[in-house]
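In what follows, a structure is listed as structure tokens, so that the remarks can point back to it.
Numbering (the numbering used here), first residue to last: 642 to 931.
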């Protein structure tokens with residue numbers, strides 16, 4: 642064992658430091674995942690009880706230690722039940738960021754003699770439809786995926802597998818269309834499905850964001866897709882990626898973001914966290930009222 646230093650009777654090695662760093666990183670990721678939701682308070686409650694349990698066991702309070710020990714034994718099962726949605730999101734986050742989940746990597750390995758497919762396609766129908774829908778204050782929710790077809794979410798709606806076109810998108814989101822209530826999933830230049838049900842985020846969102854925006858944020862948290870939202874009240878265009886948001890975008894900005902996403906460009910720095918967006922909005926209101 643490579644000893645680094647000694648604190649009293651504790652021998653600190655390189656392995657111990659790596660262990661501590663990994664645990665700290667894991668706890669930080671759990672905190673980021675739970676931040677802004679009710680689950681963070683439950684998590685802190687469990688953590689407090691566990692720390693108390695360690696304390697009473699260290700000072701040899703046998704009765705209280707036995708009671709808390711039984712609670713902690715059952716508490717693991719209870720935590721799995723209570724935090725089931727968060728555990729699912731955490732596993733999705735790991736699977737999404739893992740190199741094993743990269744479809745193009747497996748295709749390159751298994752079919753190395755084939756020419757790699759380009760995920761980019763003609764996005765003009767999306768931009769043209771967005772202009773028309775925003776101009777008439779018609780609400781819309783589009784999920785653009787470059788990696789997978791999102792079959793699980795597509796099967797929650799009506800499968801179309803139709804060629805992407807402006808007229809089809811506008812007709813789907815027409816207020817009198819039976820397909821307008823829900824999301825459209827677009828993959829490789831085709832509309833895979835319409836009227837799809839998306840997961841709604843459990844985090845606190847700005848007050849002006851309705852159910853359509855909450856569903857878009859939730860979908861961006863669960864997948865690596867890019868989601869486009871058109872507000873029915875204001876006609877403003879927003880985009881979501883990895884739980885982050887860009888609001889009140891111009892059509893040129895929408896075009897650039899979609900193209901960069903399909904070309905696998907890094908979009909992380911362009912989007913804002915919900916807390917940062919809310920703070921920027923408050924600062925803007927403060928400046929306008931002065």
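Virtual Cβ for every residue (Gly too), placed ideally from N, Cα, C.
Residues of its chain near residue i, where Cβ-Cβ distance is below 7 Å and the 5 sequence neighbours each way are ignored
i: residue 818; result: 812
i: residue 772; result: 892
Proximity of residue i and residue j at Cβ, strictly below 8 Å
i: residue 865; j: residue 797; result: no
i: residue 785; j: residue 892; result: no
i: residue 901; j: residue 890; result: no
i: residue 723; j: residue 683; result: yes
i: residue 856; j: residue 782; result: yes
i: residue 871; j: residue 725; result: no
i: residue 915; j: residue 886; result: yes
Residue i versus residue j: straight-line alpha-carbon distance, rounded
i: residue 747; j: residue 698; result: Note that residue 747 scores 47 on pLDDT, short of 50, meaning its location in the model is unreliable; the coordinates nonetheless yield the value given after this. Roughly 50 Å between the two C-alpha positions.
i: residue 845; j: residue 858; result: 11 Å
i: residue 912; j: residue 836; result: 26 Å
i: residue 800; j: residue 899; result: 23 Å
i: residue 832; j: residue 662; result: 45 Å
i: residue 690; j: residue 716; result: 10 Å
i: residue 841; j: residue 711; result: 35 Å
i: residue 719; j: residue 884; result: 27 Å
i: residue 686; j: residue 692; result: 10 Å
i: residue 688; j: residue 652; result: 26 Å
i: residue 790; j: residue 895; result: 21 Å
i: residue 665; j: residue 808; result: 52 Å
i: residue 860; j: residue 824; result: 10 Å
i: residue 897; j: residue 906; result: 11 Å
i: residue 847; j: residue 704; result: 48 Å
i: residue 667; j: residue 869; result: 31 Å
i: residue 849; j: residue 843; result: 16 Å
i: residue 810; j: residue 803; result: 11 Å
i: residue 941; j: residue 854; result: The question about residue 941 has no answer here: the residues shown for the chain are numbered 642 through 931.
i: residue 670; j: residue 910; result: 19 Å
i: residue 702; j: residue 714; result: 18 Å
Buried or exposed by the 16-neighbour rule on C-beta atoms within 10 Å, applied to residue i
i: residue 756; result: Interpretation of residue 756 is limited by its pLDDT of 45, a score under 50 that renders its predicted location unreliable; the figure taken from the coordinates is listed afterwards. It counts as exposed.
i: residue 793; result: exposed
i: residue 770; result: buried
i: residue 881; result: buried
i: residue 700; result: exposed
i: residue 732; result: exposed
i: residue 867; result: buried
i: residue 852; result: exposed
Contacting residues, own chain, Cβ-Cβ under 8 Å from residue i (five flanking each side not counted)
i: residue 795; result: 826, 833, 834 and 837
i: residue 805; result: 762, 763, 766, 767, 827, 830, 831 and 832
i: residue 932; result: The first residue shown for the chain is 642 and the last is 931, placing residue 932 beyond what the model contains.
i: residue 815; result: 779 and 821
i: residue 706; result: 694, 697 and 698
i: residue 728; result: 721
Cβ shell of residue i (< 6 Å), same chain only, five flanking positions each side left out
i: residue 888; result: 879
i: residue 877; result: 889
i: residue 709; result: 694
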